[in-house]
Amino acid sequence: MSLVGATVKRDFLLAARNPGEWLNPLMFFLMVAALFPLAVDPDPKFLGKIAGGVIWVAALLATLLSLDALFKADVEDGSLEQWLASGESLYAMALGKALVHWCISGLPLTLMAPVLGLMLNLPQSAYVALIASLAIGTPVLSLLGAVGAALTAGVRSGGLLLSLLILPLYIPVLIFAASSVYHAGIGMAYNGQLGFLGAILALSMCLTPFAVSAALKLNLSR
Amino acid sequence: MWQWLVRLYHRLGSPKWFYEITEKWIPWLVVVSIVGAVVGLVWGLAFAPADYQQGDSFRIIYIHVPAAILAQSAYMMMAIAGAVFLIWRMKMAAWVAKTIAPIGASFCLIALLTGAIWGKPTWGTWWVWDARLTSMLLLLFLYFGVMALHQAMESEDSGHKASAILSLVGLVNIPIIKYSVEWWNTLHQPATLKLTEKPSMAIEMLIPLLIMLVTTYAFFALLVILRTRNEILLHERKRSWVKKILES
Amino acid sequence: MTADTGQPIIDLKAQALFCERDDRVLFQQLDVQVGNGDLLQLAGPNGAGKTTLLRLLAGLNHDYQGDVFWCGQPMAKAYPDYAAQRLYMGHLSAVKKALTPIENLRWLTAAWCMSDEQLWQALDAVELYGYEETPCQQLSAGQQRRVGLARLALAPQGTGPAPLWILDEPFTALDKAGVAWVEQRLQQHVESGGAVIITSHHALEGIASLRQLDLGAQA
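Sequences listed follow chains A, B and C, in order. Under numbering that gives the first Met the number 0, think of the first position of the first sequence as 0, with each following residue one higher. Under numbering that gives the first Met the number 0, think of the first position of the second sequence as 0, with each following residue one higher. Under numbering that gives the first Met the number 0, think of the first position of the third sequence as 0, with each following residue one higher.
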């Protein structure tokens, strides 16, 4: 078995042993979405208009929370060293880690989103778009997030820095995804937005692992 | 030809050569910056014809547009310098990239502030979520990210490498961000007043703009050269040629 | 790559190595050679560059001038082959605290396709048998180190899955019995035709083919 496969297996095992790792961001997701009606206006009509955007912003923030720990432990306990010592491709390792991250973060968010849709009075016609945009968009968040996590893995309190670095890069995903949900809600076509999201996903899958592997090598101690 | 390129590459990587040759350029750049600024600003602010729609308030473009153009090209230069450092390990490239970041960010800030100043008389508000201004704001965030990462890394070398990687990731993303913001803007503001009168600009308006553009590039080059020379002195302070300079 | 005797060839050569850190030259014009049956100990005071050189030879450190060759090929080109023949143990044990010893060992030896039985035998050799349900969190520091060291116990006949061992301070946190066990393993490995490069403050005695490279005398 390759080290990449073994690492994916190990990370799933670790996530199972430490449920907080994936449950806490989900709770955060729920809570952030609940803040908006409390802070602004619980009127269903108003909420219905902003529901898509609010859910997406909440998903973004929840993802950022879970990214900090992506590579930190591996850098600190020497797993990164062993990856490099194994001669296996860091590109593949980066994809593997992003996959695990998506499974424990983006996928649960996608599955839980309809619940938030109910809370925020999302229009009926928008649910499909919501799930589709999250299903395509959250892997991009994991991939781009992996770049930030790799760059800040060795930095004290790197979580905040990570958010600063990646948020500008997340904007296109946010724009197209939220727009697709909104347009679905008002009965207009939204394939274009989803298509563009798919293109961004394809591009990220190809290019971000290069950046991740270059960034991981920075964290080797002398 | 090939030989010349190889020699040029080696020269560019040599801090000493850079220091000596830029010594000669600085006075010229200072002259161009000052003269160009005086001519361009006076012409633009006082003598160029007023825009038929916006009146005199549009004159801020003589500062806003060059600043915006420079903010964007500075980012590109920074990313390319970062790439040169990553591929060829040229220290000079890393120092130039580090120097450009705050300067580019300042130009970005100037573009945003002048954009806001423009916005007030034109639309009545200090800020509007126009495509160009929003893109510029996101560019500023990208700059901040590069600068913050540089500072946060423990060793200077890791800082250079990390910032280089981040600025390259940003470079690939910039077209995507710009496109998405423009697209988003068309959804929400069907009939915007464009911030610049583009090619259909009268020649009397265009010339001072071009003068200001050249001036701004010269000023930018001057700042980058001055700051990079400081970096060189700092890092090469143990070398004999630097000691001679510091003693004299 | 194997010789006619079926034994893997170990041939690591480094030439004219130069390395500096923080404006201090660690070593220059340094040549290193390691072959079958060699036990090379890098010695020197703290900060002399032992770990730097060790990681350089392991292929983890690229901040140097000079050339390193594996079986005649430059390191960069031969790295996958080299990595397949080499076991590297650094300061950090790469042990995840939430997992049990066997789960950690499975990950550490993933590339070698060992059966669980073999892994249990190795854990038994380092006295970690019977800790199936215990996450490494609850083990002592020495026991956690032993999880990584269990890799040295795999295939006691022959040189095992990795003929070249590169170990950074393997005796850290071990008790007397543990130290004796590692010394014995090192001797056995080298006698079967394997090779070891090691940094340690511990004085290794009684191993016939021990060579020392003193970095304190280099700079």
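Note that beta-carbon positions come from the ideal geometry of N, C-alpha and C, so glycine has one too.
Open item on the list: Is the beta carbon of L11(B) closer than 8 Å to that of M91(B)?
Closed with: yes
Task: Residue burial classification, P43(A) (beta-carbon count within 10 angstroms, cutoff 16) - done: exposed
- [ ] Consider the Cβ of R9(A): report whether some Cβ of chain C lies at a distance smaller than 8 Å.
- [x] yes
TODO: Between the Cα of T227(B) and those of A45(B), L112(B), S32(B), I25(B), spot the shortest distance and give me the residue it belongs to.
DONE: Checking every option, the nearest Cα to that of T227(B) belongs to I25(B).
Task: Buried versus exposed call for D73(A) [16 or more other C-beta atoms within 10 Å across all chains shown] - done: Buried, by the Cβ-count rule.
Task: Length at least 4, wholly inside the segment 201 to 240 of chain B: the alpha helix (DSSP H) runs in chain order - done: 202 to 234
Task: Touch test, the segment 115 to 130 of chain C against the segment 90 to 109 of chain A, Cβ-Cβ under 8 Å, three pairs minimum - done: no
Task: Those runs of the beta strand (DSSP E) which lie wholly inside the segment 45 to 90 of chain B and span at least 3 residues - done: none
Open item on the list: At the level of alpha carbons, what is the spacing between T137(A) and A161(C)?
Closed with: 40 Å
Open item on the list: With three or more C-beta pairs closer than 8 Å as the rule, is the segment 51 to 70 of chain A touching the segment 39 to 56 of chain C?
Closed with: The segment 39 to 56 of chain C is not in contact with the segment 51 to 70 of chain A.
Task: Assigned secondary structure, K95(C) (DSSP; H/G/I helix, E/B strand, else coil) - done: Residue state, collapsed to three classes: coil.
Open item on the list: Between the segment 165 to 176 of chain A and the segment 4 to 23 of chain B, can you find at least three pairs of beta-carbon atoms closer than 8 Å?
Closed with: Short answer: they don't touch.
TODO: Keeping to the same chain, check which residues put their C-beta closer than 8 Å to that of V127(A); ignore five residues upstream and five downstream.
DONE: Close CB contacts of V127(A) within its chain, under the 8 Å cut and outside five residues either way in sequence, are with A183 (chain order).
Open item on the list: Output needed for I9(C): all residues of its chain with C-beta closer than 6 Å, excluding positions within five of it in sequence on either side, in chain order.
Closed with: Closer than 6 Å at the Cβ level, and outside the excluded window around I9(C), lie G34, N35, P162, L163, A194.
Task: Three-state secondary structure assigned by DSSP to E126(C) - done: coil
Open item on the list: If I follow the unbroken alpha helix (DSSP H) through Q186(C), where does it start and stop?
Closed with: 175 to 190
Task: Under 9 Å by beta carbon: chain C residues contacting D76(A) - done: Ordered by position in chain C, the residues that pass the 9 Å Cβ test against D76(A) are L91, S92, A93, V94, K95, K96.
- [ ] Give every residue of the same chain whose Cβ lies closer than 7 Å to the Cβ of S200(A), excluding the five residues on either side of it in the sequence, and list them in chain order.
- [x] According to the sequence provided, residue 200(A) is Leu. The question's Ser does not apply to it. Counting only Cβ-Cβ distances below 7 Å, and skipping sequence neighbours, we find I135, P138, V139.
Open item on the list: Counting only Cβ-Cβ distances shorter than 7 Å, please list the residues of the segment 79 to 107 of chain A near chain C, keeping chain order.
Closed with: Against chain C - using a Cβ distance shorter than 7 Å - the residues of the segment 79 to 107 of chain A are E80, Q81, L83, A84, S85, G86.
- [ ] For W119(C), go through chain A and note every residue whose CB falls closer than 8 Å to its CB, in chain order.
- [x] None at all; the shortest Cβ gap to chain A is about 18 Å.
TODO: Please check if any C-beta of chain B sits within less than 8 Å of the C-beta of G158(A).
DONE: no
Task: Sub-8 Å separation of M0(A) and A109(C) beta-carbons - done: Cβ distance < 8 Å, so M0(A) and A109(C) count as in contact.
TODO: Establish whether the CB of P189(B) and some CB of chain A are separated by less than 8 Å.
DONE: Note that P189(B) has pLDDT 47, beneath the 50 cutoff, so the model's placement of it is unreliable and the number below is only indicative. At a cut-off of 8 Å, the C-beta of P189(B) has no neighbouring C-beta in chain A.
- [ ] With 9 Å as the limit, tell me which residues of the segment 69 to 86 of chain C have their beta carbon closer than that to any beta carbon of chain A; keep them in chain order.
- [x] Y78, P79, D80, Y81, A82, A83, R85, L86
Task: For K12(C), the residue or residues it bridges with in DSSP - done: In the DSSP assignment, K12(C) is bridged to Q32(C), F68(C).
TODO: Give the interface partners of E102(C) over in chain A, defined as CB-CB distance under 8 Å, in chain order.
DONE: Under the 8 Å cutoff, chain A gives R9, L12.
- [ ] Using beta-carbon positions only, say whether L129(A) and L119(A) come within less than 8 Å of one another.
- [x] Contact flag unset, no.
- [ ] Examine the Cβ distances between the segment 16 to 34 of chain A and the segment 83 to 98 of chain A and report whether three or more of them are shorter than 8 Å.
- [x] no
Open item on the list: Just verifying my parser: in three-state terms, what is the DSSP assignment at P120(B)?
Closed with: helix
Open item on the list: Assuming contact is defined by CB atoms lying nearer than 8 Å, are I259(B) and V213(B) in contact in what I supplied?
Closed with: An answer regarding residue 259(B) cannot be provided, because it is not within the stretch 0 to 247 covered by chain B.
Task: When G95(A), H100(A), I103(A), L79(A) are compared against A93(C), the one with the closest alpha-carbon - done: L79(A)
TODO: With a threshold of 16 other CB atoms inside 10 Å of the CB of A75(C), please say whether the residue is buried or exposed.
DONE: exposed
Open item on the list: Between A110(C) and chain A, is any beta-carbon pair separated by less than 8 Å?
Closed with: yes
TODO: Go ahead and pull the three-state DSSP assignment for V127(B).
DONE: For V127(B), the three-state secondary structure derived from DSSP is coil.
- [ ] At 8 Å on the CB atoms, spell out the chain A contacts of A57(C), in chain order.
- [x] A84
Task: C-alpha distance - L63(A) paired with E22(B), whole-angstrom precision - done: 47 Å
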